[in-house]
Amino acid sequence: MPKMISSLSLSAALLFSAEAQEPTLPRMELATDKACYLPGEMVHLTASGTPPSALFIRYRHGAQILAEVPYAEVVKAGRWSWRPPRRDFQGYLVEVYTRSAECELVVATIAVDVSSDWRRFPRYGFVADFDDGGDPAAKRTRIAEEMAFLNRCHINGVQFQDWQWKHHYPAPLDAKGQLMPAYRDVSNRWVKAEHVRHYIELQHRYGMKSIFYNLCFGSWKGATEDGVQEAWALYARPKDGERYQDFHGLPSSWQSNIYLLDPGNADWQRYLCDRNDEVYRLFDFDGYQIDQLGSRGPRYDATGREVHLPRAYASFIKAVKKRRPEKRLIMNAVSGYGAAEIIGTGKLDFCYNEVWGNGNGYGGTSEAAFANLYEIIKRNDSLSRHRLPTVFAAYLNYDKADHGGRGDKLLNAPGVLLTDAVMFALGGSHLELGDHMLSREYFPAAPLAMSPQLREAIVHYYDFLTAYQNWLRGTTSRHAFTPRISTTSVDVQLTAWPPKADAITAFAKQVGPRQQVVHLLNFLGTNDLSWRDVDGTRPEPRLVRQLPLQLESAARVIRVWAASPDLRGGAPELLPFTQRSGVVSVTLPALHYWTMLVLELAPAR
């Protein structure tokens, strides 16, 4: 078989590496018409750029080749179609490649997701800017460009942040009950209703879900004028002094602080459900992203009774789902607060954890530690009986963003890629992509941008997350195990999970009865074991080539393959190996940030 190498414009994350010496070909880019497809639905693909001669197209599920066809036979004017197998909840990789007697060169790749429901493999994005600055046509063009990029990254659900009018009255209705075409949000930004609708229209065209954001217990000053009752308020009781309505303070230039209400109050629940019905009447949203504010200490209702907020959140979720059972719900468990009660409702599409840098992580680790990410997934798996995947809302380069970028105004690519590598390898996903990449919890803020190199690399990461979703996310933490793995390389330290400074970390799962998956995550050259990379200073890990590995496996191994979002556009590569006395010896061609190694096992006798 010819050796497989890649051009792919120096192959994703290797764009950052001076060590990369991959051969190059004319640049090609692929696109699909949707972020996800129903079983039996046709996939329409396009190719742009200058194709080299003698191209072929290959369709894969993992390392399995489903079909191969000459490029010229099916592609006309840069367009062609493919009908994947009808099986639901599957990921595929489409490769465009050229070959000679000596080698294969992967020219371009793209993933395809066949899933009837986004809940199985959520890839969550966001939008947060709905003004046009007086130029509606230019805004529509930007919306089209933003949604095309999210579609290229296979984002299958989009959260609308700070789209609403008032928190207690989200639908922008005037005194006559008519939709206001333009209104100001809490920060006094203009929102144009036509752009909210246009975002939704394009997202649905791409097969994405459109989810509106709002707190479960927020109101503005003067809310009583809109029918909110003082009896619904949530109170704090200081050690000295009289009680006061709890609130979340906002800048004085904004329209209001956020004054909190008891989310378990049945009258408040009915009031907000009425307001949500107005939202659904005016906008074709698919569901509601529910937010909270984390642990706030003892809080009380208007009668002086202490409110158990996590139980109140569960009550709120059930009331909202009962009112509109066809609509999707997600709720934020801020730093894990209320996770047991929130997930225990059984009413959510997936688990959603906003994580910070506090010392209250699970498993004896800080919340900011890479190790805590796995502990969150493990806890969510347990609480959901291994039914719900986990999405992280996690903001990188936070201090760099807070100081305006300190010169370059760019997100630190090594920090982003290593964090995504860990989250994806563990079976989670990351809310980060929208009209910009997130670095703050206030989604409209965009102090840092992606470099062109990071933007290209992130596409390969989301291709990888999608193409290999059955290996990454179709399993849960109960199938994880500690691999017995070593290397004879003298300049590499190889350890099992959790990560250690200046080492390669191995995290392993059993996928079905016949596949063992070992994720190799590269922490060489860093002693920072926090996913936050707060100052944007994480260095690029040292590229390792031809890494000899020895893995213990009692079962008979019949095939070994590897794939990486950093190399060959994620295309898999079959690896020669030996197995003697229960030890599999194999050489990993390369490891930059992350490589997935798969051992396929013989059927049990």
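Going by numbering that gives the first Met the number 0, the first residue of the sequence shown is number 0, and it counts up by one from there. Here a beta-carbon is modelled for each residue, glycine too, at the ideal position from N, C-alpha and C. Everything numeric in this text was worked out from a predicted model, so none of it was measured.
Inside the region 382 to 462, DSSP marks whole alpha helix (DSSP H) runs of 4 or more residues at positions 397 to 401 and 412 to 425, from first to last along the chain. Taking C-beta separations shorter than 8 Å and ignoring five residues to either side along the sequence, the partners of ALA71 in its chain run LEU54, following chain order. Taking a cut-off of 8 Å on C-beta distances, the region 430 to 445 does not touch the region 466 to 480, as fewer than three cross pairs fall below it.
Here the alpha carbons of PHE522 and TRP530 stand approximately 11 Å from one another.
Burial state of MET41 is exposed, judged by a 10 Å Cβ sphere holding fewer than 16 other Cβ atoms. For VAL73, the enclosing alpha helix (DSSP H) stretches over residues 70 to 73. Assignment of MET146 by DSSP, reduced to helix, strand and coil, places it in the helix class. Taking a C-beta distance under 8 Å as the contact criterion, LEU214 and LEU233 do not qualify as a contact pair. For LYS208, the enclosing beta strand (DSSP E) has its first and last residue at 208 to 214. In its chain, beyond the 5 residues on either side, TRP162, VAL190, LYS191, HIS194 and VAL195 have a beta carbon closer than 7 Å to the beta carbon of PHE129.
Contact check between the region 148 to 168 and the region 195 to 210: three or more CB pairs, one atom from each, fall below 8 Å, which counts as touching.
Closest in C-alpha terms to SER428, from the list ALA448, TYR460, TYR441 and SER438, comes TYR460. Under the criterion of beta carbons closer than 8 Å, TRP496 and TYR373 qualify as touching, at roughly 7 Å.
Counting C-beta pairs with one atom in each stretch, the region 107 to 125 and the region 480 to 493 have fewer than three that are closer than 8 Å, which means they do not touch. For the region 513 to 570, the full-length beta strand (DSSP E) segments reaching 3 residues or more read 514 to 521, 543 to 551 and 556 to 562 along the chain. Rounded to whole angstroms, the gap between the alpha carbons of GLU539 and SER488 is 20 Å. CA-CA distance, GLY581 to VAL556, rounds to 9 Å. Assignment of beta strand (DSSP E) within the region 80 to 115, counting only whole runs of 3 or more residues, yields 89 to 98 and 102 to 113 in chain order.
With contacts defined as CB atoms closer than 8 Å, VAL333 and GLY293 qualify as a contacting pair. In this chain, the alpha helix (DSSP H) harbouring ARG269 covers 265 to 281. Counting every other CB atom within 10 Å of its CB across the protein chains shown gives VAL126 a total of 16 or more, marking it as buried. Between the region 461 to 468 and the region 568 to 579, the count of Cβ pairs shorter than 8 Å is three or higher; the stretches touch. Look at ILE154 here: in three-state DSSP terms it is coil, with no helix or strand label.
Contact check for VAL95 against LEU29 passes: the beta carbons are separated by less than 8 Å.
At a Cβ-Cβ threshold of 8 Å, VAL354 and ALA393 count as neighbours. In chain order, CYS215, PRO262, GLY263 and GLN268 place their CB closer than 7 Å to the CB of PHE315, counting only its own chain and leaving out the 5 sequence neighbours on each side.
Look at the region 328 to 371 and you find these whole runs of alpha helix (DSSP H), each 4 residues long or longer: 338 to 343.
Looking only at ILE375, VAL319 and LEU328, the smallest Cα-Cα distance to GLY335 is reached by ILE375.
Across the structure, ARG310 and LYS346 are spaced so that their CA atoms are roughly 14 Å apart. Sorting ARG454, ASN357 and PHE284 by C-alpha distance to the C-alpha of GLU145 places ARG454 at the top. Of the residues assessed, GLN89 falls on the buried side of the cut-off, its CB having 16 or more other CB atoms within 10 angstroms. In the displayed model, TYR198 falls within a helix according to three-state DSSP.
Between PHE391 and ASN352, the beta carbon gap of about 6 Å places them in contact (Cβ cut-off 8 Å). Secondary structure at LYS220: coil, using DSSP grouped into helix, strand and coil. Nearest to ALA338 by C-alpha distance, out of TYR299, THR389 and ASN256, is THR389. About 7 Å separates the beta carbon of PRO588 from that of GLN545, a gap short enough to meet the 8 Å contact definition.
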